[in-house]
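Chains as they are written, first to last, in the working numbering: chain H, 1446 to 1688; chain E, 1142 to 1396. By construction, the Cβ of each residue, glycine as well, lies at the ideal position given by its N, Cα and C atoms. This report refers to the structure that appears directly beneath it.
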C-alpha cells in the first residue's frame, strides 16, 4: 500500500463518515418535521357530502307547531298529513352552552358575534369560547344558526381544534337561555377556501332549523398569520334527542 | 401610415371597452342578504322565519321559510323598499290610527312600498301586490318558498344589496277562527278584510357575513416551517446517499 493509496483510503473514510453524519442529521430533521406536522384534523374531501344533504328536510322529522312554551325540548307530532314539512322548530332563544361529545367539546363559554368593519363575521376574542352570530337565527329556529370557534391559539389547540374530525351523524347539543336544549345531527362537514367561501350555502335561508359550526382549516399562511380555509359542519335540528 | 392606423384602432378599441367597464361596476352591487322574520309588533302572530336574497346584476333569487301563519289561506309576501323609508320593520308607535294593530299602510314609513311580489308563479312586480291566487297558502301554517330569475330594476337591486329592503309576509288571524274575516276592511282593498293584508312577519334584509372567518392563530398548525424541515431533512439524506454511493463505487473500481 503506497502513500497515494493510503491518501485515497483516508479520503474515502472521510466521505463515508460525512455521508453517515449527513444522513443522520437528515433523519432527525425529518422526524422533527413529521412530529410537528400533525395540525388540526381536516375533513376528508368527501366527508358526508351526500347528495341528499342539501335536499328537503328529513321526512322523519315531524313539524312542531310554534308554541310559547319555553323550557320544552322539540317534540315530534304526528302531523304529516298537511303542510310543508319544515321539521321541528324552536322559538327564539340565545345559546348558552354547546356540547359535541364525539370530539370532546363542552363549554358554556358562549359570546355574541356581529359583523366586523370589513363585513366579515367577527371571531371570539377568547380561544376557548364559541361565538354565536346574533343577526342570524338562534339554534332551533328556521334557518342556519351560526356558531364559530378558533381551531388554535398562538401556542396550541383551541375550542374547535377537532371540528374537522366531526363526522355525519354526530350529535351536537345546544343549551338555550330559555332552558331548552336543541339537539342537532351533523349532515356533512366541508372545507372551503376563504377566498371562495360559499356565503349563501353557509349563511343563507334553509327550510328547516339548521346549525353551522365554523372554524379554520387547510394550510396556515405564515405571512398573513391566518389559515387559508374554513371548515364548516352542517347540521340540522332533530325532534327526538339521542340517548 | 400603417402604425398610426394601428394606433387609431387601439384607441377605438379601448374606447369601446369603457362602457363594458362601466357596466361591470354596476355588478359591484351583487350581494347576499338575509333577514330573520319576526312577528310584526301589535299583530300577535306566533311565528318566525328566515328569508335570503341573492342579487346578481338585476336578477334576484329569493329563498324563504316561515311558520306560525294562518294555515290554508293566501299570504301575500313582498320585498318592500322606499328611499324615504326607515328600512326596518314597523314598531308599535307606527300604529297611527291607534286601533291596536299595524296595517300595511301604517308600516309604510318603516318599510316603504312593495318593489317585488313574492308570488309562486307569474308576474313578480308591484302590480301583483294583491294577487292572492298566486301567493303561498301556508299549508300547516308553514311556507317554504324559493324563486329565482326575478328581474328587478338596478335601483331596487342596489337597495337590496345595500341592506335597505324589508321582507313582509301578510295575513293575520286576529280572532283565531281559522280564516280571514272581521268587520274592518283592508286599507289596501275594500273587498278584503284587514286580516288578509295586515303584516304578519317581517325582517329587514341585511348583508350576510362576507367571506370566511379568521378562526385560527396557527399555534397548532402543520405550518409551512415543518414542511420546510421535511424538505431539508429529505435533501440531506439524498446528498448523504449520493456521496456514500459515490465512495462505494470508487471503492469497487479500486478492487
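Exercise for the section: With a cut-off of 8 angstroms on the beta carbons, I'd call residue 1298/E and residue 1199/E a contact; round off their distance for me. Expected result: 5 angstroms
Handout entry: Minimum Cβ-Cβ distance from residue 1595/H to chain E less than 7 angstroms
Key = Cβ-Cβ to chain E under 7 angstroms: yes for residue 1595/H.
Exercise for the section: Indicate the three-state DSSP secondary structure (helix, strand or coil) for residue 1573/H in the structure shown. Expected result: coil
Exercise for the section: Quickly, what does DSSP pair residue 1276/E with across the bridge? List them, please. Expected result: None, per the DSSP bridge assignment.
Practice task
Answer with yes or no whether the minimum CB distance from residue 1317/E to chain H is below 7 angstroms.
Solution key: Closer than 7 angstroms: no.
Handout entry: Interfacial residues, the segment 1559-1572 of chain H to chain E, with Cβ spacing under 9 angstroms
Key = 1560, 1561, 1563, 1564, 1565, 1566, 1567, 1568, 1569, 1572
Practice task
Using the Cα positions of residue 1570/H and residue 1588/H, report the straight-line distance between them to the nearest angstrom.
Solution key: 26 angstroms
Practice task
Give me the Cβ distance between residue 1583/H and residue 1593/H, rounded to the nearest whole Å; I'm assuming they're in contact under 8 angstroms.
Solution key: 15 angstroms between Cβ atoms; not a contact.
Handout entry: Residue interval of the alpha helix (DSSP H) (run including residue 1663/H)
Key = It is not in any alpha helix (DSSP H) - residue 1663/H instead sits in the beta strand (DSSP E) that spans 1654-1666.
Problem - Beta-carbon contacts of residue 1347/E that lie in its chain and below 8 angstroms, excluding the five residues immediately before and after - result: 1174, 1175, 1176, 1304
Problem - Close beta carbons around residue 1639/H, own chain, < 7 angstroms, minus the five adjacent residues each side - result: 1673, 1674, 1675
Handout entry: Chain-order list of residues whose beta-carbon lies under 8 angstroms from that of residue 1321/E (same chain, five-residue window excluded)
Key = 1211, 1214, 1312, 1314, 1333, 1334, 1336, 1337
Practice task
Excluding the 5 residues preceding and the 5 following residue 1516/H in the sequence, name in chain order all residues of the same chain whose CB lies nearer than 8 angstroms to its CB.
Solution key: Note on residue 1516/H: pLDDT 33, under 50, position unreliable in the model; the coordinate value appears next. Once the five neighbours on either side are set aside, the close Cβ partners of residue 1516/H are 1623, 1624, 1625.
Exercise for the section: Just the C-alpha distance for residue 1644/H and residue 1191/E, rounded to the nearest angstrom, thanks. Expected result: 16 angstroms
Practice task
Figure out for me which residue from 1289/E, 1227/E, 1341/E has the closest Cα to the Cα of residue 1306/E.
Solution key: 1227/E
Exercise for the section: Return no unless some Cβ of chain H is closer than 7 angstroms to the Cβ of residue 1185/E. Expected result: Cβ-Cβ to chain H under 7 angstroms: no for residue 1185/E.
Practice task
Go ahead and label residue 1324/E buried or exposed: buried means 16 or more other beta carbons lie within 10 angstroms of its beta carbon, across all protein chains shown.
Solution key: exposed
Handout entry: residue 1290/E to residue 1266/E span [Cα, whole Å]
Key = 13 angstroms
Practice task
Just mark residue 1655/H as buried or exposed, buried being the case when its beta carbon has 16 or more other beta carbons within 10 Å.
Solution key: buried
Handout entry: chain H contact residues for residue 1360/E, given Cβ-Cβ distances below 7 angstroms
Key = 1597, 1598, 1599, 1600, 1601
Problem - Members of the segment 1271-1297 of chain E that neighbour chain H once the beta carbon cut-off is set at 9 angstroms - result: 1277, 1279, 1280, 1281, 1282, 1283, 1284, 1285, 1286, 1287
Exercise for the section: Would you check if the distance between the CB atom of residue 1243/E and the CB atom of residue 1184/E is smaller than 7 angstroms? Expected result: yes
Problem - Enclosing alpha helix (DSSP H) for residue 1246/E [first to last residue] - result: DSSP places residue 1246/E in the uninterrupted alpha helix (DSSP H) bounded by 1245-1252.
Practice task
Classify residue 1652/H as buried or exposed, calling it buried when 16 or more other Cβ atoms lie within 10 Å of its own Cβ.
Solution key: buried
Exercise for the section: Could you check which residue in 1359/E, 1349/E, 1357/E, 1361/E has the C-alpha nearest to that of residue 1561/H? Expected result: 1349/E
Exercise for the section: From the DSSP output, in three-state form, read off residue 1286/E for me. Expected result: strand
Handout entry: Chain-ordered residues of the segment 1644-1661 of chain H with a beta carbon less than 9 angstroms from chain E
Key = 1644, 1645, 1647, 1648, 1649, 1650, 1651, 1652, 1653, 1659, 1660, 1661
Practice task
List the residues of chain E that residue 1582/H touches, going by C-beta distances under 7 angstroms, in chain order.
Solution key: Going along chain E in sequence order, the residues near residue 1582/H (Cβ under 7 angstroms) are 1177, 1191.
Practice task
With DSSP collapsed to three states, give me the class of residue 1596/H.
Solution key: coil
Practice task
Taking only the alpha-carbon atoms, compute the straight-line gap between residue 1270/E and residue 1575/H and give it to the nearest angstrom.
Solution key: 43 angstroms
Practice task
Consult DSSP for residue 1242/E and reduce its assignment to one of helix, strand or coil.
Solution key: Looking at residue 1242/E - three-state DSSP - the assignment turns out to be coil, as it is neither helix nor strand.
Problem - Chain-ordered chain H contacts of residue 1348/E [CB-CB under 9 angstroms] - result: 1560, 1564
Handout entry: Neighbourhood of residue 1254/E by C-beta distance below 6 angstroms, restricted to the same chain and skipping five residues each side
Key = 1223
Practice task
Give me the Cβ distance between residue 1615/H and residue 1545/H, rounded to the nearest whole Å; I'm assuming they're in contact under 8 angstroms.
Solution key: Their Cβ separation, rounded to whole angstroms, is 7 angstroms, which keeps residue 1615/H and residue 1545/H in contact under 8 angstroms.
Exercise for the section: Consult DSSP for residue 1639/H and reduce its assignment to one of helix, strand or coil. Expected result: helix
Exercise for the section: If I'm right that residue 1207/E touches residue 1283/E with Cβ under 8 angstroms, what's the distance once you round it to whole angstroms? Expected result: 7 angstroms
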